[in-house]
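Residue numbers 5 to 390, in our numbering, belong to the letters of the sequence shown in order. The C-beta atom is built at its ideal place from N, Cα and C for all residues, glycine as well. Keep in mind it's a predicted model, so treat the numbers as computed, not measured. One structure is given here, and the rest of the page talks about it.
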Amino acid sequence: MEFERTHEQEMLQSTVRSFMEAELYPHEAEVDNLGHVPPDLGRQIEKRALEVGLYAANLPPEVNGGGLDYSSMAMVEREYGKTSHALHSWIGRPTEILLACNDEQRARYLAPCVSAEKRELFALSEPEAGSDIMSMKTNARRDGSDWILNGSKHFASGPVMPDFAIVFAATGVEDTPRGPRKQITAFLVDVGTPGFDIREGHRCVSYRGYHTFQLDFDDVRLGPGQVLGEEGKGLELAGRWLGMGRIWVGATCCGKAERLFELAADWAANRKQFGQPIGQFQATGFKLADMAVELRAADLLVRDAVARADKGEMRDEDAAMVKLYCSEMLNRAADHTVQIFGGMGLMEEVEVQRLWRDSRLERIWDGTSEIQRHIITRSILRPLGA
Ligand SMILES: Cc1cc2nc3c(=O)[nH]c(=O)nc-3n(C[C@H](O)[C@H](O)[C@H](O)COP(=O)(O)OP(=O)(O)OC[C@H]3O[C@@H](n4cnc5c(N)ncnc54)[C@H](O)[C@@H]3O)c2cc1C
Numbered sequence: 005m006e007f008e009r010t011h012e013q014e015m016l017q018s019t020v021r022s023f024m025e026a027e028l029y030p031h032e033a034e035v036d037n038l039g040h041v042p043p044d045l046g047r048q049i050e051k052r053a054l055e056v057g058l059y060a061a062n063l064p065p066e067v068n069g070g071g072l073d074y075s076s077m078a079m080v081e082r083e084y085g086k087t088s089h090a091l092h093s094w095i096g097r098p099t100e101i102l103l104a105c106n107d108e109q110r111a112r113y114l115a116p117c118v119s120a121e122k123r124e125l126f127a128l129s130e131p132e133a134g135s136d137i138m139s140m141k142t143n144a145r146r147d148g149s150d151w152i153l154n155g156s157k158h159f160a161s162g163p164v165m166p167d168f169a170i171v172f173a174a175t176g177v178e179d180t181p182r183g184p185r186k187q188i189t190a191f192l193v194d195v196g197t198p199g200f201d202i203r204e205g206h207r208c209v210s211y212r213g214y215h216t217f218q219l220d221f222d223d224v225r226l227g228p229g230q231v232l233g234e235e236g237k238g239l240e241l242a243g244r245w246l247g248m249g250r251i252w253v254g255a256t257c258c259g260k261a262e263r264l265f266e267l268a269a270d271w272a273a274n275r276k277q278f279g280q281p282i283g284q285f286q287a288t289g290f291k292l293a294d295m296a297v298e299l300r301a302a303d304l305l306v307r308d309a310v311a312r313a314d315k316g317e318m319r320d321e322d323a324a325m326v327k328l329y330c331s332e333m334l335n336r337a338a339d340h341t342v343q344i345f346g347g348m349g350l351m352e353e354v355e356v357q358r359l360w361r362d363s364r365l366e367r368i369w370d371g372t373s374e375i376q377r378h379i380i381t382r383s384i385l386r387p388l389g390a
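Written out as structure tokens, the structure reads:
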């Protein structure tokens, strides 16, 4: 779907498309088959992204980021979504949470992430605390001015072994009108710190080549300079940026759905059975119609949320609606495309099966569909006192 764009946005879109044609698309099948991005290839994508100014495009100019506004960033993420996360994650978009770094932390953590000298991980999920993040067991206790960190994280993901992790840990309990609540603090934890073990974790069938990591902390000593933001305010800090993360997921889903739609339409127009293109059978043609309508609706939802974000008016439920609808729309589109391709849709040589596998993750990460529905329901019922 084409929206009105500024001249700068048209140039940006053309830069991103050319970059993807040259640096990403040619490697999709190889990376999926290998199950990893060859290190030379990853570093080449990184280097080229720095050269064309796409690296850290999400961060503001005052930290040497590209300074893209939300609507430009949504357009860029939509393009990236057409390919594998394993590849486009090498075009670093350092997590905006790092903007909470103090001056010393900016020099040690944020600046090297902007220049691609360092990579970070966002480590919130635990083996026994996924959707129910407040049940986290990872904790940090004070020892003088230091902190002692214990616990485990899993599913923390990235393109490559990171240099440090942003780790969320319980550091106390506070009383609230709804009862006692864990206080969560965010820490910057360097790989190599004694007691911190990090290794590659489970291998995901979506976005093969994008890695998850298992992190274990055994009496890891952290200095006061490793607290990110305010003590006890880690989730509030994460929450400030998680909403935009869900919009970017929505935008990538639209990009991938467009690619699937184009494949499905082309196949439906050219594959003949019973002497006619299969698209002329209503059962197939109506699938294309539904895909087109739903993709347009999803694009409009992203656009609406971005407009709200630009005005500083985006609410949790706006982001939840985008994440929910776009990821479910994508999965319907992926399923329709496999069905339209028939047996060929499941053959390894054809990209449809990979896009179908990749799509499935989108309903799970950054908060499952059920959790998004929960956020939307809460926004409806709370004002009514329920
Ligand atoms: C490839 C990959 C990369 C990831 N990257 C990261 C990362 O970088 N950092 C990070 O911190 N995490 C990451 N995650 C974790 C991801 O955010 C979690 O998988 C997700 O939040 C769901 O948690 P869970 O897998 O433990 O599922 P669970 O929470 O165990 O949920 C299982 C099922 O129960 C349902 N359920 C749970 N609670 C409710 C409820 N209250 N109401 C209704 N249904 C419910 C869920 O919707 C789901 O269907 C990643 C995950 C994957 C697979």
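In this structure, L192 has its beta carbon at no less than 6 Å from each heavy atom of ligand 1. In the three-state DSSP reduction, A390 falls in the coil class, being neither helix nor strand. Contact between the region 333-352 and the region 286-296 is present, with at least three C-beta pairs closer than 8 Å. Counting other Cβ atoms within 10 Å of its Cβ, S93 reaches 16 or more and is therefore classed as buried. Burial state of A60 is buried, judged by a 10 Å Cβ sphere holding 16 or more other Cβ atoms. DSSP links F345 through a beta bridge to no other residue. Between F126 and I188, the gap from beta carbon to beta carbon reaches 7 Å or more. With contacts defined by Cβ atoms closer than 7 Å, G254 and K327 form a contacting pair. In this structure, the CA atom of F278 is about 23 Å from the CA atom of E266. Taking a 10 Å sphere around the C-beta of T99, we find 16 or more other C-beta atoms and assign the residue as buried. Take T142, set aside five residues on each side of it, and the residues of its chain with a beta-carbon closer than 8 Å to its own are E130, L153, N154, G155, S156, K157, V171, F172, A173, A174 and F221, in chain order. Taking a contact as a CB-CB distance under 8 Å, the pair K260 and L365 does not count as one, their CB atoms being some 11 Å apart. Of the candidates V118, R112, V164 and S373, the residue whose Cα lies closest to the Cα of E332 is S373. Non-local C-beta neighbours of E32 in its own chain, meaning closer than 8 Å and more than five positions away in sequence, comprise T87, S88, L91, E355 and R358, ordered along the chain.
With respect to the C-alpha of L239, the residue from Q13, D136, T10 and D150 having the closest C-alpha is D136.
Sixteen is the threshold: since fewer than 16 other Cβ atoms of the shown chains lie within 10 Å of the Cβ of K276, the residue is exposed.
DSSP, reduced to helix, strand and coil, places S156 within a strand of the structure shown. Ranked by Cα distance from A324, the first of L16, D150, H11 and G371 is G371.
With contacts defined as CB atoms closer than 7 Å, D223 and V195 fail to qualify as a contacting pair.
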